[in-house]
Every structure is written in structure tokens, then in C-alpha cells.
Amino acid sequence: MKNITSVFLISSLAMTTACTTMKTTENTSTEMPAPDASMENNPFLQKSSLQYQAPEFNKIKDEHFVPAFKYGIKVQLVELDQIANNTAAPTFENTILALENSGEVLRRAQIVFYNLTGSNTNPELQKIEVEYAPIFAGLSDKIYLNEKLFSRIKAIKTNNLGSEEKRVLELYTTNFEIAGANLTAENKGKVKKINEELATLSTQFSNKLLDARKNGALLITDVKELDGLSADEIAAAAADAKADGKQGYLLALQNTTQQPLLQNLKNRATREKLFKASWYRAEKGNADDTRSILEREAKLRMEKAHLMGKKSFAEWKLQDQMAKTPENAIDLLAKLATPAVETAKRESNEIQALIDKQKGGFTVEPWDWNFYAEQVRKEKYDLDENQIKPYFEVKTVLEKGVFYAAEKFYGITFKERNDLPVYHPDVVAYEVFDRDGKSLAIYYLDFYTRNNKNGGAWMSNFVEQSHLLGQKPVIVNVFNYQKPAEGKPSLISYDDVTTMFHEFGHTLHGLFADQKYLSISGTNVPRDFVEFPSQINEFFALEPSVLKNYALHYQTKQPMPQALVDKIKKAGTFNQGYSTTELVSAATIDMNWHSVTDASQFKPTLEFEKDVLAKYGFNLKEVPPRYHSPYFAHIWGGGYSAGYYAYMWSDMLNSDAWDWISSNGGMTRENGDRFRKYILSVGNSVDLNEAFKNFTGRNPDLKPLLKDKGFIK
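As C-alpha cells, this is what we get:
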């Protein structure tokens, strides 16, 4: 699997349906509350005056969020009361449509808030996040566990409803049932308490992990220990140390197990220290230790599933996904794991042979893999990462690569906007124009890592598309590229390049949303489908006409020599055993944490993970999982619990779809329009298994993915 990153999605329905019984006084009056003095001049009270309601970051301050939350909750409680107690016969318009339209002030405030807590947080925002996590969880329960609302939804007649309306009604019904609308009053009360605690725990996990990542950075005092790093990388490390009030060189941690700098560090002791700083970051028994939180989360999720009548949390979670059952997900992981581990063993033997040839006198360890794998790649393919980087300058990759491919395949164009306020000086903005030249969306990018930003890369909406609300998309992509020293070019690796194409694939999914209703618009789709548009977009990074346009030397402006291009392509399946094994093992850990059926099956975090890896044959100590349980943010602090397999499921879809595209003319506007019509523009308005068949004319096949990885011929 190629560079895989997380997408940060905020469900429209979740945004519009938050409520509480804990810290909020329910307003049972049907009279809409007027804003009080605390809302005076609050930017969330009204729609933004900027184009497409882009956030007015020049006006938004930390102190605006709590008043907007409080007022927004009061308003939505009244709206919910009006819907639930409407004496008129239930209709789509007076029930579903009313729910879709509710919570406008709260939605505006939440969507900006959660984007900022992910990308530019501070202690005040973290405090608010912890306080309001159970409140918003409770507010969600006010919808999904509301008997009157559910009764109205079930009573709605489907006669004369359009296809999109029928789909929305179907999904609302399913979502209510999954949330526990059919439970007894006693069990609903138990689920509410569990949801509130889980929301608090998830927020605590994320905040602890942010601190663990920051505090776990490796401080080096002797520059000799950094032998192998470039002058720019050393300068950046020195700048990071200075910014943190330290002397020396600070090697910041990325959210993954392996760290990018391990590839070039010649000093084995430094490599070991950096790897262990990453691996042990959140299990030191200090304030940053996440283990007790995740163990409690896993237990509560199992208890919730039992209340819902399911054997495990995974069984409950997957019922509305493409995979449908944990067994189907595990089956896919197993089919990938066997060839991946066998390939990784061969790769390990090659690395060990090189170590022995160099008379290293040691057995390969995880902190050695990337360093020697890079040497093996140079030896086998004569490919040096340091030869590649000068051809990948961030803005050139974006405008002449990512944007160029989108223009050729879909006909859309981009114009930089310097007049829009942003939430951090590093953020840039563009306006997007459709194939007919009409304005389509606003698009922000936040490239560089900061110690107040979550790790990884993601896409999110500031405004979601909806014909009903007259909204066009306002989207952001967030990355964690290393910021260059002052005056130096921002050069990135080829993996970073594919990350940019990947996240823009999510952006395309949001840009081309064409739905009437927020709840089924754009990226509001099952987890195991949402990565499909992003992963297929990675293929454009090496499409010849695209690569030729953006792979330009930052100094000479000359295109990358064809010989170097050929080396990159030939090395395409290099290290796939390792990269697939680390991903599949992480997904297997996730699925096992969430497939527990009885509390007696739980063990302390490290023991549980060790047993899972052994059980499923992940016995190569030199190939650790991409995420170790204590810092597996996707599943404990994000939305991928029992869902990390989704990356592999989507990758199956993406390889098979690209195989179809390649066999039917490749990068043509006709194919782009077809992919937009059947995949990118349907949101969740149709059955997505059928949407895939509409595009390719067949059910997804695993063979193209196995071929792409070099596991079969």
C-alpha cells in the first residue's frame, strides 16, 4: 500500500445533532431563545459574509466558542422539541427536513472548533474540548434515543418521495436503530452514560497523545550523532530545539511508528534512540501514558455493543459499512497478510545480507530497516531519495502536479486567494473553478508540522455542500511536512508527494459533492469507501504527463531525467512486503481490540497486542505495526475504531478501478467525467457497492491490488 494517511471527517448529522442531559438545562419551551449578551458580536451567530461562508478567522477568537456552543445547544433543543411534538402527521418535510435544518449556529461553531483543535490547538481549546465532549455526546443521544422522533421517522410514508429523499430516510432509520433507538428505557440510559464517558476518554486520549508526541521528541546535543542528515534537516532540528527553549537539535516525532529521519541517520545508536522515543512515547507511566484510557475505551465499547444486541463492538460498528461484518474484513486482511509477511521475510533477508556484507555484526532491528532498505533500493534500483527530493518542491508539486492532474482529468482550475483570512500564517487558500468556468469551492492547505497540531494528514470541510442550504464546499487539507529553515526551499520526499495527491483525492470527493442533503453529501460515506477516492488519486503522481509537468528541479527548473523516472517506477513494488505488513498488522490489532466478546479476554495493552501479533503470524520483530496501541490515534481518538481495515478495503477498490481506467484509455476527460459521475459525485445517495459496479461493470477484485504490490504476476 502506498503512503496512507488519515482523513479527518466531521459528520453533518453528528454536527447537527449534539445534546446533553449532563451539563445543559433542557429548554422545553417551543419559543426560540433569543441570543443574550454573551453572543454579542459572536461571529458564529450569523452566516459568514465571506464567499461560500468561509470562516472569518480574522474575527474568530477562542472566547467565542463556549457562548456559541451554549446558545447553539439551547436553540437546537427547542428545534428538536418542536419536531418531536409536532401534532401534524409525520412527513419527510416536517421531520427529516426539519432535522437536517436544525442546529445551524452550533454546526458553524463546532466545525471550526474541531478543525482548530486538530490543526492549531492550545490549552484553552483543549480545556473546552474536554468539557464539551460528553455534552455533545449526550446531545447526539437526544436525537438518536428520542422515542418520539424515532416514531415519527418510522411513520413517514415513502410514497411520492424522490430517490435522494428515500435514501436519506433509510439512513436516518438505520442510524437511529444502530444508535439504540429500539432499546428499553433502562438500556438507553446505560448507552447514554457509556457514550458520554467514551467521548471524554477519546478527547483525553487525543490530548495526552499530543503531549506524548511533543514531549517524546528526541533531543540531540552532539551534531555528530546526526551524521547522514542534510544541512537543511540539521538546521530545522536546531530551529525546533530553539523554539522549544532547548539547546541542541530536536528530532520531532511523527504519529507513525517509523520516523522519516531513520532512513538517513548513519549513527545506529541515534537511530535506536529515535525509534524507541517513538515506540515508547505513550507508555512511560507518566502523565502522557494512554494505556489506562484505551483499555477503558475498549471495555466500554464492548459493553455498548452487548447492550445493542451484538457480540462485539466490531460487529455493531460494521453493519452499515461496505464490508458488513468483521469476518469479511478479517478475511481481506488475511488474504493480504500471508503474501505480505512472506515478501517482508525476503526483504529482511536482503537487508541482513547487506548488513553482513558490510560486517555490521548485528541482526536487523526495526530502527535499522529504513536505513538499510534505502541502501538496498540504491543497490537494486540505483535510486537515492536525496536525488529525488530536489525535484519535489511543495508548491510546484501542488500547482503543477496535483492541480494539473485535476485539470486534465476533471477540467477544474484553481486561483490562489490572498484576500481570505486564515487560521495560521502557513495556511494558503485557493478558489476552485468547475469545468464550465463557474466558481465551485474554496480550498485551504496547511502544510507544515507544529507542536500544537495532530500528526498525520487529513481532509476536512469548513462548509459542506448542500443544494438545500445553498452551500458550496469550503475544504481544508492538513499535512505535517517538515518546515524548512528560513530562506530554504520546501523539498519533500516522494512519499510526501503521494500524501499530497492522496489528501487531494478526499478533497475531490468533497468538491464534487452534488447532494441536496448534508447528511449524505460528499465524504459522508462509510469508512471503507471514503479512502477509495483518495487512494486512486495517488496513481496520478506517476502518470507520465503529470510527473513531467511537476517534477522540476527547484534550482534549474529542469524536469526530472527519464532515467530517474524509470528508477522510481521500477522501485514501485520495493519494500511492499514491509509497508503492507505494518498496515495489515495495525488493522489486525484494531479489529481484535474491538472483536472481544467477553471482558475476560482483555489483557493489559502491551500483552494484548503482543498476543494478537503472534496469533496472526506477524512474528517479524523487525517489522512493527504502523501504529502501536498506545499511540493508535485512528482508533482511540479518531473515527476508525474497528475501521482501520478500511484503508485496505478501499485500496482493493482503488486498484481495481485504476485497472479499469488503464484498460479503457487511461487519463482521459471521458474517464474523469465517468469517475466523477459514478463515484465522486454520488455521496451516500446510492448503495456504494452498486456505485462501484456502475463505474467498472463488475464487483471488486483483489487481484489488481496484489499485482500492484508485486505479490503476484
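Residues in the sequence shown are numbered consecutively from 2, following the working numbering.
Glycine is no exception: its CB is placed at the ideal position from the N, C-alpha and C atoms.
Owing to the predicted nature of the structure, the values given are computational and were not obtained by experimental measurement.
Give the DSSP-derived three-state secondary structure of residue i in the structure shown.
{"i": "Phe724", "result": "This structure cannot speak to residue 724, because the chain is shown only from 2 to 714."}
{"i": "Pro91", "result": "coil"}
{"i": "Pro560", "result": "strand"}
{"i": "Tyr482", "result": "strand"}
{"i": "Gln472", "result": "strand"}
{"i": "Leu621", "result": "coil"}
{"i": "Val365", "result": "coil"}
{"i": "Leu46", "result": "coil"}
{"i": "Leu184", "result": "coil"}
{"i": "Ser467", "result": "strand"}
{"i": "Val566", "result": "helix"}
{"i": "Leu509", "result": "helix"}
{"i": "Leu492", "result": "strand"}
{"i": "Leu681", "result": "helix"}
{"i": "Val526", "result": "coil"}
{"i": "Leu553", "result": "strand"}
{"i": "Val477", "result": "strand"}
{"i": "Phe609", "result": "helix"}
{"i": "Ser586", "result": "helix"}
{"i": "Asn102", "result": "helix"}
{"i": "Val597", "result": "coil"}
{"i": "Leu384", "result": "coil"}
Please classify residue i as buried or exposed, where buried requires at least 16 other C-beta atoms within 10 Å of its C-beta.
{"i": "Asn42", "result": "exposed"}
{"i": "Pro545", "result": "exposed"}
{"i": "Pro426", "result": "exposed"}
{"i": "Gln469", "result": "The identity of residue 469 in the sequence shown is Leu, whereas the question assumes Gln. Per the 10 Å Cβ criterion, exposed."}
{"i": "Asp228", "result": "exposed"}
{"i": "Thr201", "result": "buried"}
{"i": "Gln260", "result": "buried"}
{"i": "Thr175", "result": "exposed"}
{"i": "Phe143", "result": "It should be noted that the sequence gives Lys, not Phe, for residue 143. By the 10 Å Cβ count, Lys143 comes out buried."}
{"i": "Thr326", "result": "exposed"}
{"i": "Gln47", "result": "exposed"}
{"i": "Met501", "result": "buried"}
{"i": "Phe363", "result": "exposed"}
{"i": "Lys71", "result": "buried"}
{"i": "Val531", "result": "buried"}
{"i": "Pro716", "result": "Look at the range of the chain in this structure, 2 to 714, and you will see that residue 716 is not part of it."}
{"i": "Asp709", "result": "buried"}
{"i": "Ser663", "result": "exposed"}
{"i": "Gln111", "result": "buried"}
{"i": "Glu171", "result": "exposed"}
Going along the chain, which residues of its own chain have a beta-carbon closer than 6 Å to the beta-carbon of residue i, five neighbours each way excluded?
{"i": "Pro527", "result": "Gln322, Met323"}
{"i": "Leu707", "result": "Ile713"}
{"i": "Thr257", "result": "Arg627"}
{"i": "Tyr555", "result": "Pro391, Glu394, Pro490"}
{"i": "Thr589", "result": "Leu334, Tyr617"}
Under 7 Å Cβ to Cβ from residue i, same chain only, skipping five residues before and after it: list those, please.
{"i": "Val169", "result": "Ile97, Tyr518, Ser520, Ile521"}
{"i": "Trp370", "result": "Ile352, Tyr579, Glu623"}
{"i": "Lys311", "result": "Trp317"}
{"i": "Lys568", "result": "Tyr382, Asp383, Leu384"}
{"i": "Lys571", "result": "Tyr382"}
{"i": "Asp515", "result": "Ser682"}
{"i": "Gly666", "result": "Asn672"}
Whose C-beta lies closer than 8 Å to the C-beta of residue i among residues of the same chain, with five residues either side of it excluded?
{"i": "Gly119", "result": "Phe9, Lys454, Asn455, Trp459, Ser461, Val479"}
{"i": "Phe434", "result": "Ile413, Thr414, Phe415, Lys416, Ser440, Leu441"}
{"i": "Lys296", "result": "Here residue 296 is Glu; the residue named in the question, Lys, does not match the sequence. Result list for Glu296: Phe603, Pro605, Thr606, in chain order."}
{"i": "Asn59", "result": "Pro422"}
{"i": "Pro34", "result": "Asn28, Tyr72, Lys75, Val76, Val79"}
Cβ contact check for the stretch 59-77 and the stretch 103-121: 3 or more pairs under 8 Å: yes
Segments of 4+ residues assigned as alpha helix (DSSP H) that fall wholly inside the stretch 186-264: Whole alpha helix (DSSP H) segments, 4+ residues: 186-216, 232-244.
Runs of beta strand (DSSP E) lying entirely within the stretch 390-463, each at least 3 residues, in chain order: 414-417, 428-434, 440-449
Validate contact between the stretch 480-489 and the stretch 232-240 using beta carbons, cut 8 Å, 3 pairs: yes
Cβ contact (3+ pairs, closer than 8 Å) linking the stretch 216-232 and the stretch 147-164: no
Three CB pairs or more closer than 8 Å across the stretch 695-711 and the stretch 648-664: yes
Segment contact flag, the stretch 438-451 with the stretch 462-480, C-beta cutoff 8 Å, min 3 pairs: Contact between the stretch 438-451 and the stretch 462-480 is established, with three or more Cβ pairs separated by less than 8 Å.
The stretch 303-311 in contact with the stretch 246-266 per 3-pair CB rule at 8 Å: no
Three-pair Cβ contact test at 8 Å for the stretch 263-283 versus the stretch 629-643: yes
Minimum length 4: unbroken alpha helix (DSSP H) runs contained in the stretch 295-380: 314-318, 327-358
At least 3 beta-carbon pairs within less than 8 Å: the stretch 523-542 vs the stretch 678-688: Yes, they touch.
At least three beta-carbon pairs within less than 8 Å, the stretch 692-699 to the stretch 659-679: yes
The stretch 402-409 contacting the stretch 547-561, beta-carbon criterion three pairs below 8 Å: The stretch 402-409 vs the stretch 547-561: in contact.
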